[in-house]
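Report on the structure given below.
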Amino acid sequence: MVRLVVGLGNPGRSYQKTRHNLGYQVVDLLSEKHKTKFKGGRGEYLYCRVVVEGRKVYLLKPLTFMNASGQAVFDSLRFFNLTPPELFVICDDVNLPLGTLRIREKGSDGGHKGLRSIIYQLGTEEFPRLRLGIGPAAKGIDLEDFVLQRFEKEEGKNVEELIQGGSQVVESSIILGVRESMNRFNKDFDRSISEGL
Numbered sequence: 496m497v498r499l500v501v502g503l504g505n506p507g508r509s510y511q512k513t514r515h516n517l518g519y520q521v522v523d524l525l526s527e528k529h530k531t532k533f534k535g536g537r538g539e540y541l542y543c544r545v546v547v548e549g550r551k552v553y554l555l556k557p558l559t560f561m562n563a564s565g566q567a568v569f570d571s572l573r574f575f576n577l578t579p580p581e582l583f584v585i586c587d588d589v590n591l592p593l594g595t596l597r598i599r600e601k602g603s604d605g606g607h608k609g610l611r612s613i614i615y616q617l618g619t620e621e622f623p624r625l626r627l628g629i630g631p632a633a634k635g636i637d638l639e640d641f642v643l644q645r646f647e648k649e650e651g652k653n654v655e656e657l658i659q660g661g662s663q664v665v666e667s668s669i670i671l672g673v674r675e676s677m678n679r680f681n682k683d684f685d686r687s688i689s690e691g692l
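If you read the sequence shown in our numbering, its first letter stands for residue 496, the second for the next number, and so on.
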């Protein structure tokens, strides 16, 4: 059961709406939808509580930089007395085409430094995550530079739909469970992408 939803990103105005901050944007949208605001917690993170069809869930944004996200996640799980399987992490993925998403129940970091930090701090890969496609990286540009760029104007529609889709996946995972959401969204979202959204 999903009890803690973590949107990964980098803190600070200069990183707002960059490719690497899609996780932040999804939990921001959810907090707006449920009319609640983030506040400081006992650790380097902001959090708020929402109720989704009677289920109480925490939304969280680490205030560490991306490659140290694990400490904030570890501290929040301890504070809320939760376990890794109750965690749901949202992150960007440069290996997925822009606009696609993938839900996984567990797995490796796939080269994502935020996930790598969480896996290291928790000592397990056994937690669900949602990967939001931001790729492919432009030719000739360093990958770290690419993920810290803002989206191009012509990418805006895909990005907006991806954030909306991400928020739907989160709520579905809370209500129906991660496995059922995988069956629904991994396939359906792929089909919508192939048809041009």
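Positions of the beta carbon are idealized from the N, C-alpha and C atoms, including for glycine. Values in this document were obtained by computation on a predicted structure and should not be read as measured data.
Exercise. Could you name the residues of the same chain whose beta carbon sits closer than 6 Å to that of Phe646, not counting the 5 residues immediately before and after it, in chain order?
Key: In the sequence shown, residue 646 corresponds to position 151, counting from 1. The answer, listed in chain order, is Val654.
Quiz prompt | For Lys608 and Met561, the rounded distance between their alpha carbons | solution = Position 66 of the sequence shown, counting from 1, holds the residue named residue 561. Position 113 of the sequence shown, counting from 1, holds the residue named residue 608. Distance between the alpha carbons of Met561 and Lys608: 7 Å.
Quiz item: CB Leu503 to CB Ser526, shorter than 8 Å?
Solution: Reading the sequence shown from its first residue, position 8 is the one you call residue 503. Reading the sequence shown from its first residue, position 31 is the one you call residue 526. Their beta carbons are not under 8 Å apart, which means Leu503 does not touch Ser526 by this criterion.
Quiz item: Counting along the chain, where does the alpha helix (DSSP H) carrying Asp587 start and finish?
Solution: Within the sequence shown, the letter at position 92 stands for residue 587. It is not in any alpha helix (DSSP H) - Asp587 instead sits in the beta strand (DSSP E) that spans Leu582 to Pro592.
Quiz item: So, do the region 512–526 and the region 567–579 have three or more beta carbon pairs nearer to each other than 8 Å?
Solution: no
Quiz prompt | Reduced DSSP category for Pro579 - H, G, I as helix; E, B as strand; rest coil | solution = The residue given as residue 579 occupies position 84 in the sequence shown. If DSSP states are grouped into helix, strand and coil, Pro579 belongs with the helices.
Quiz item: At what residues does the beta strand (DSSP E) containing Gly630 begin and finish?
Solution: Here residue 630 corresponds to residue number 135 of the sequence shown, with the count starting at 1. Element bounds for Gly630: Arg624 to Gly630.
Quiz item: What is the DSSP secondary structure of Arg686, reduced to helix, strand or coil?
Solution: Here residue 686 corresponds to residue number 191 of the sequence shown, with the count starting at 1. In this prediction, Arg686 has a pLDDT of 45, which is less than 50 and means its spatial position is unreliable; what the coordinates show is noted afterwards. Correct three-state label for Arg686: helix.
Quiz item: Taking the DSSP output, what are the residues bridged to Thr513?
Solution: As a position in the sequence shown, residue 513 is number 18, starting the count at 1. Partner(s): Arg645.
Quiz prompt | Extent of the continuous alpha helix (DSSP H) run through Val552 | solution = Translated into the one-based positions of the sequence shown, residue 552 becomes position 57. Counting along the chain, Val552 falls outside any alpha helix (DSSP H), though it belongs to the beta strand (DSSP E) covering Arg550 to Pro557.
Quiz item: Hey, Ser676 and Ile598 are a contact pair by Cβ (cut 8 Å); roughly how many whole angstroms apart?
Solution: As a first step, residue 676 must be located in the sequence shown, where it is residue number 181. As a first step, residue 598 must be located in the sequence shown, where it is residue number 103. Right, their Cβ atoms sit about 6 Å apart.
Quiz item: What residue range is occupied by the uninterrupted beta strand (DSSP E) comprising Val665?
Solution: Here residue 665 is taken as the residue at index 170 of the sequence shown, counted from 1. Premise fails: Val665 lies in the alpha helix (DSSP H), Gly651 to Ile670, not in any beta strand (DSSP E).
Self-check item: Beta carbon of Leu524 nearer than 8 Å to that of Glu539
Solution: Position 29 of the sequence shown, counted from the start, is the residue given in the question as residue 524. Position 44 of the sequence shown, counted from the start, is the residue given in the question as residue 539. In this structure, Glu539 does not lie closer than 8 Å to Leu524 by Cβ.
Quiz item: Who are Tyr540's beta bridge partners in DSSP?
Solution: Translated into positions along the sequence shown, residue 540 becomes position 45. Paired residue(s): Pro557.
Quiz prompt | Cβ-based neighbour list, Glu666, same chain, cut-off 6 Å, excluding 5 preceding and 5 following | solution = Numbered from 1 along the sequence shown, position 171 holds the residue referred to as residue 666. These residues qualify, in order along the chain: Val547.
Practice problem: Count the other C-beta atoms from every protein chain shown that fall within 10 angstroms of the C-beta of Val497, then say buried if there are 16 or more, exposed otherwise. | Solution: Here residue 497 is taken as the residue at index 2 of the sequence shown, counted from 1. With 16 or more other Cβ atoms within 10 Å, it is buried.
Quiz item: Going by Cα to Cα distance, which pick from Pro623, Cys586, Gln616 and Ile636 is closest to Gly565?
Solution: Translated into the one-based positions of the sequence shown, residue 565 becomes position 70. The residue with the shortest Cα to Cα distance from Gly565 is Gln616.
Quiz item: For Arg550, which residues from the same chain have a beta carbon less than 6 Å from its beta carbon, with the 5 sequence-adjacent residues on both sides left out?
Solution: One-based indexing of the sequence shown puts residue 550 at position 55. Correct list, in chain order: Ile669.
Self-check item: Buried or exposed (CB count within 10 angstroms, at least 16 for buried), Pro631
Solution: The residue you call residue 631 lines up with position 136 of the sequence shown. With fewer than 16 other Cβ atoms within 10 Å, it is exposed.
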